[in-house]
Amino acid sequence: MAGRFFPWGLLSVLCLTFMLVFLVYPLGTVMLSSLRGPEGDLSLQGFVIFLTEGRYLEALLNSVLLGAVVTITATLVGAPLAFLTARYEIPLKSIVVLLPLTVLIVPEVIAAQAWLMVFGNNGVVTRFLLDLGLPAPRFYGWFGLILVMTLIYYVHIYLATLAALRGFDHQLEEAGQSLGTSPFMTRLKVLFPAIAPPILSGGLVVFTLVVGNFAVSITLGHGLPLLSVMTYRSFISEMGGNPVMQSTLATVSISLVALVLFLQKRVVERRNYQMTQGRPGNTRLIRGASAAVLATGVAFVTAMSLLPLLLVLIGSITKSRGPVMHWGEYSMRSLNRVWDFGGDVIINSLTFATQATFFGVLFGALASFLLIKKRSRVTGLLDYLLLLPLTISGTILGIALVQGFNTGLVVLTGTPAIMILAYMVRRLPFSVKNASNNLYGIPDSLEEASISLGVPPVKTALRVILPLMAPGLAAAAILMWVTTIAELSASVVVYSAGQETLPIQIFRLIDSDLMGQASAYGLTVISIILLPIFLAVRFLNLRLFTS
Amino acid sequence: MTSIRVDALSKSYGAIDVLKSIAIDVGDGAFFTLLGPSGCGKTTLLRVLAGFVEPSGGAVYFGAEDVTQKPTHKRNVGMVFQDYALFPDKTVFENVAYGLRARRVSAADLSARVTEHLEKVNIAHLAERYPAALSGGQRQRVALARALVIEPQVLLMDEPLSNLDAKLRIQMREVIRDLQQRANITTVFVTHDQEEALALSDWVAVMRGGRVEQLGSPYEIYSNPKTDYIAEFVGAANLLPAKHIEGQPGGVVVCDVLGQTIRGQCSVELLPQSLKLVARPEETAIHEANQNIEHCGSVNCLPGQVTAYQYLGHKSAYTVVLADGCHITVTVPGMERGDAIPEGTKVCLDLGPNPRFVSAE
């Protein structure tokens, strides 16, 4: 009966407690540490150093600038691509549909590494140009960061724009034209204002992702000070000591993202319009020269997105000696080394990902059920807290967990539990979202029908609702497992000796400039990721990429 | 099978009172309908009976047992939902068997009872289908079978016909009434469709703003409404302002209606300050008036002028403007426009010997 605490209220409180203990408390610890002096006294020393030592401020400005530039370039690539695929029938359209996949199957660290094999110090193009006596472009720093991040993040804009266009009622455009504006002006005056807010929201997501990005920033940033990289380096250098700078930098990042979110709430969300009906128009076929130009553009973007896959495949079977890649000569040595020495790392990755996925999906199933079907004041707060991990970069979440569970009642730092927790908390928003997918369509009357037929509430949830949630849960499990296998930024902060995962191994190999081996491990990660996706799409008919 | 009694029942959400001291009695085996517009509290009352909503005050009895605190799954109620609420991942057979499985009925018995009930609603041939492959009417039949197979104490139906098209609705009405009669099960039916309520029920409670405004047999509700609200909600009614001249309730009451003296019945207990005359469109006769005579000679007569004529097939409707700019609608058997009284013609409306006065707000 409504109004009774047991069992839904109790379960909601338990979920909320989990979030408070493993997210809010650690983040609070970090923010408090930023206000501590060397003796644990209240002090603004961290912020004084941040403001007076130039490189910290420079890092903040660089990160904001990089975020802004990549947001613009990603929008310039993603939005037109979405418009083309939504509205026109162009050659090669069928491959564009696969693009969202690339984000999943090519982890950021592998994308960065693949591009280094092209433009890095020992890259193919760099070598080729140097051999010809020509100056090679400087890939490390701005150029490389902007190129690689644009290619990684434009997919977010592409998906946001596509969703907005699909939800846009085509009749509004027809109405505009019937009232006398030209097709172009109608788009400008009717379509654009309606789809701009969701695209802008996508842009803000990209901005926060760029500012929080670790893998690409640290591999391609080199001498360029960036906030996320500096936070990580402070963490490494302050290990065991006073965590002032890491906390200060983390607090600055959190405040920056909070500001962006505030802007989104105040400016963007207010301009979101409700479409009464979404009737997307028919796609138009274009032929001739314009089709060729557009198809070339689409093909170029697609090829650039998929290139890392090919590069890693080639890199892994290319003969290499130390940092030198012998392009054109092939050898199985790198792959054999993975086979001989990579066992522990692969097993670590698989066990951590499997456990994190198990608990993450369990929590996701319960939380999404409570959020959608058993709304209360507690679930309102839970809903809000579940968004929080989206805005916290992996590095900062890792630092927060290490600091929060370093000492005191529960010591988790150094145990596998902290790895699993980090993965779980990081992916909870996605887990809950995917688990909810099927829930919205289930009317409350279904549960009531079961209860009226004599099945008690909890049993009803398990017998009636859970089977209907199954496809969403399967998708949640696969996506969580796959993204956890690829996770680097939190792993690299929380892991201890013996807990190395595949992305950590790749990161170390890139750091040592051992591209052949890094490629071999990269290929391993991609294979591990592709397998469940292939199985899910082939045998479960899961639609993983509809959002 | 059991009677239902609801005593001083109230429900409020914060400051909003959704149900205000409801008292109803549903006899054993009766078909009882809660009729009212959306937001009148009828669905909330049904959900209190089912146990989905905990009342703020008052009590619900099934027979002699106070079930107010009893959770739904222990109440043994059969419920039919507006959207049918069929389990989409279960076949028709499994949907109907669901409640029996919860009661741990033996396999042989279960199969026999499910088949028996599927036959009762004529869908035995659909047993292995999934709900998605059924038409609206078929889904409705599954929902009925599923609710009845558990042999519930009471059957509760929440606007079960509102998702069906007009023809099917009338067909399903007969199915529901027939099943209810055969099972002789106490039934509470919620609807906003007055025709449905009149056609199906033994008793109708017309609800408004969380209260039961009038309770009676369908005939009583239609022929003897107590308030202008009921008169207008149940069937079509023209309501005209009336001023009391003489007479007591229960007998003949004389009122002034738009300057004419009208004699009629009034069943309202206390004669309120303001009364209204109910003129049903189909009970009012229309005659062309003699140009010279204002009054057509009948006892209860109102003069007017035709302003519009609409042909509706089985009937035609005149709109007539009366004194003070009041409009009323009068229906007559359908006829060719050329045979109808032309617009602008002065007419006389005969209200019959016994029009009714109701209380108005």
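In the order they appear, the protein sequences are chains H and X.
Take the first sequence: its position 536, counting from 1, is numbered 536 in this note's numbering, and each next residue is one higher.
Take the second sequence: its position 321, counting from 1, is numbered 321 in this note's numbering, and each next residue is one higher.
Where is the CB? At the ideal position from N, CA and C, for every residue including glycine.
Keep in mind the model is a prediction, meaning the values are calculated, not measured.
How would you list, in chain order, the residues of chain X whose beta-carbon sits under 7 Å from the beta-carbon of residue i?
i, result
"H/I451", "T72 and H73"
Quick one: list the residues of chain X neighbouring residue i, beta-carbon separation under 8 Å, in chain order.
i, result
"H/G454", "H73, K74, N76, G99, A102, R103 and I150"
"H/L468", "P88 and D89"
"H/V464", "F87"
DSSP on residue i, reduced to helix/strand/coil?
i, result
"H/I533", "helix"
"X/I150", "coil"
"X/I286", "strand"
"X/H125", "helix"
"X/G264", "strand"
"H/E39", "coil"
"H/P137", "coil"
"X/T319", "strand"
"H/A449", "helix"
"H/Y440", "coil"
"X/Y130", "coil"
Check the Cβ-Cβ distances between residue i and every residue of chain X, and say whether any is below 8 Å.
i, result
"H/A2", "Its pLDDT being 44, under 50, H/A2 is placed unreliably by the model, and nothing is read from it."
"H/L446", "yes"
"H/T546", "Note that H/T546 scores a pLDDT of 46, beneath 50, so its modelled location is shaky and nothing firm can be said."
"H/V482", "no"
"H/V458", "no"
"H/P7", "no"
Out of curiosity, what's the CA-to-CA distance linking residue i and residue j?
i, j, result
"X/K42", "H/S253", "54 Å"
"X/R129", "X/Q181", "28 Å"
"X/C348", "H/V190", "57 Å"
"H/F369", "X/D158", "25 Å"
"H/L256", "X/V18", "47 Å"
"H/S331", "H/P137", "29 Å"
"H/G414", "H/S489", "16 Å"
"X/A85", "H/P457", "16 Å"
"H/T546", "X/G210", "The pLDDT assigned to H/T546 is 46, lower than 50, so where the model puts this residue is not dependable, and the model offers no usable value."
"H/L42", "H/R375", "41 Å"
"H/G28", "H/I465", "36 Å"
"H/A68", "H/H156", "15 Å"
"H/S393", "H/I399", "10 Å"
"X/A30", "H/V455", "27 Å"
"X/A382", "X/K315", "This structure cannot settle anything about residue 382 of chain X, because the visible part of chain X is limited to 1 through 361."
"X/A59", "H/L409", "51 Å"
"H/A518", "H/A292", "37 Å"
"H/E108", "H/P243", "28 Å"
"X/V299", "X/L275", "19 Å"
"H/R287", "H/F534", "34 Å"
"X/F233", "X/Q194", "7 Å"
Output the boundary residues of the beta strand (DSSP E) element that contains residue i.
i, result
"H/L145", "Note, H/L145: premise wrong, no beta strand (DSSP E); alpha helix (DSSP H) at W142 to G167."
"X/A340", "That residue, X/A340, is in no beta strand (DSSP E); it is neither H nor E in DSSP."
"X/C348", "K346 to D350"
"X/L240", "N238 to E246"
"X/M207", "W203 to R208"
"H/A112", "No beta strand (DSSP E) holds H/A112; the alpha helix (DSSP H) holding it covers E108 to F119."
"H/Y548", "Because chain H spans 1 through 547 in this model, residue 548 of chain H falls outside it and cannot be assessed."
Does residue i have its Cβ less than 8 Å from a Cβ in chain H?
i, result
"X/G344", "no"
"X/M207", "no"
Quick one: which chain H residues come within Cβ less than 9 Å of residue i?
i, result
"X/D109", "Within chain H, no residue comes near X/D109; the closest Cβ sits about 16 Å away, beyond 9 Å."
I want to verify the contact list: residues of chain X whose CB lies under 9 Å from the CB of residue i, in sequence order.
i, result
"H/P443", "F81, D83 and A85"
Let me see if you follow: with CB-CB separation under 8 Å, is residue i close to chain A or not?
i, result
"X/A50", "This model lacks chain A altogether, as its protein chains are H and X."
Tell me which residue opens and which closes the alpha helix (DSSP H) that residue i is part of.
i, result
"X/V114", "A107 to K120"
"X/H327", "Premise fails: X/H327 lies in the beta strand (DSSP E), H327 to P333, not in any alpha helix (DSSP H)."
"H/H170", "H170 to S178"
"X/C301", "Here X/C301 belongs to no alpha helix (DSSP H); instead the beta strand (DSSP E) covers C301 to Y311."
"X/Q364", "Residue 364 of chain X falls outside the range modelled here, since chain X spans only 1 to 361, and no answer is possible."
"H/L313", "G288 to S316"
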